[in-house]
Every structure is written in C-alpha cells, then in structure tokens.
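Chemist: Before we start, here is the structure in question, set down as structure tokens.
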Amino acid sequence: MRTAIGAYAALAAAGLGLAVASGCTGGRGKKAAGPGHEEASAPATAERPPTVMDPRPINKVTRASGLVIEDVVVGDGPVCLPRSRVLLHYKGMIAPDNRVFDSTEGQEPLEFSLDRVISGWQDGLPGMRAGGTRRLTVPPELGYGSKDMKDDQGNVVIPASSTLVFEIRLVAVK
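First residue of the sequence shown: 560, per this note's numbering; consecutive thereafter.
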C-alpha cells in the first residue's frame, strides 16, 4: 500500500515528508525478556518488515511535546543520531482506530536523512539501535499539523490534525 509515497517523496524534498525507497540489508534485533515479556520465537531481521506488534512495550517514554516513544524490540546495531542517514521499514496508521495509510511491508526499505522527515520522527528515532523496532505516537503538531495530506491523485490520505502511529523497524544507520 504505497499510495502516499509519491506525496511523501515530494514532501521529503521540501523537508517535510518521509523519504524515497532504496534497498539494503541490515542487522538483527531481539525482544528483551522481562516481566510480562516472553522471548520472541523469531527475531526481527532485515528481511522481515514489522507486522502486528506486541502492545506491551519494553520501554515507554512520553515527551512534554506529546510524542510517545515505545521500544518494542531493542536492536544491537549502531545507534541512530539526530542527523543520521537511516534505512528502515515502517507502517503508518491514523489514531485512534489505527487505519493504515502507508506501509513498506512487502517493499524495499526506505533510506533517507533524518533531518528530512516530520518532527515526530526527528525527535523519536535518535537513540534507537539498528535491528530495533519502535512505535511512535505522533501528535498533529509533530506530524502534518492542520493540513490534509493528499496522494498524487488528490485523495486525502492523512486528514488534518491527525495523531499518527508509526511502527518502525530500523534496518541500518549509515
């Protein structure tokens, strides 16, 4: 479901969108064991995009901006920095019903510079390790704000003032 990627590529050029596609391989991650968390039967890999995630995160942080950062799988690769170039898979959903508006599932991962995406990603990805999976709940002010986001055909993909939920699997940090 890449209906919105054309719009995102244009937004990326303006410093607002997600990015452009590119292929690569990456590291592995593992689910951390702990209270209420069982060892995952199959670790996350670069070949397997994120699917339905365990609703119980390993670590959850809510920033003053309203951004919610939840680590679901802690990676063991290089750490993402604020201006890193990253390769990742993601699924974007609109809260509260988690309707999927875009996904890289079944596609090549996206590669882009972190300073070329929405503020919610710029604030929510640094500190994440390659091979990890993170869920970001992005308030409208850190996403696309009060503007409808449309695809190439003019259809509204993300309504104005939407809270967005992203499931992100960081494949590599370059």
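Every residue, glycine too, gets a C-beta built ideally from N, C-alpha and C.
These numbers come from a predicted model, not from an experiment.
If distances are taken between C-alpha atoms only, which option among 661, 704, 638 and 717 comes closest to residue 648?
Modeler: 661
Chemist: Sort out for me which residues DSSP pairs residue 618 with in a bridge.
Modeler: 630
Chemist: Taking the alpha-carbon positions, what's the residue 723 to residue 689 distance?
Modeler: If I take the Cα positions, the gap works out to 22 Å.
Chemist: Should the segment 709-722 be called in touch with the segment 666-677, which here means at least 3 C-beta pairs below 8 Å?
Modeler: no
Chemist: Cβ of residue 685 within 8 Å of Cβ of residue 640?
Modeler: Between residue 685 and residue 640, the C-beta spacing is below 8 Å.
Chemist: With DSSP collapsed to three states, give me the class of residue 723.
Modeler: DSSP, read as helix, strand or coil, puts residue 723 in strand.
Chemist: If you draw a straight line from the C-alpha of residue 731 to the C-alpha of residue 642, how long is it?
Modeler: 14 Å
Chemist: Which partner residues of residue 671 appear in the DSSP bridge assignment?
Modeler: 645
Chemist: Just mark residue 621 as buried or exposed, buried being the case when its beta carbon has 16 or more other beta carbons within 10 Å.
Modeler: exposed
Chemist: Restricting to Cα atoms, I'd like to know which of 691, 618 and 631 is closest to residue 645.
Modeler: 691
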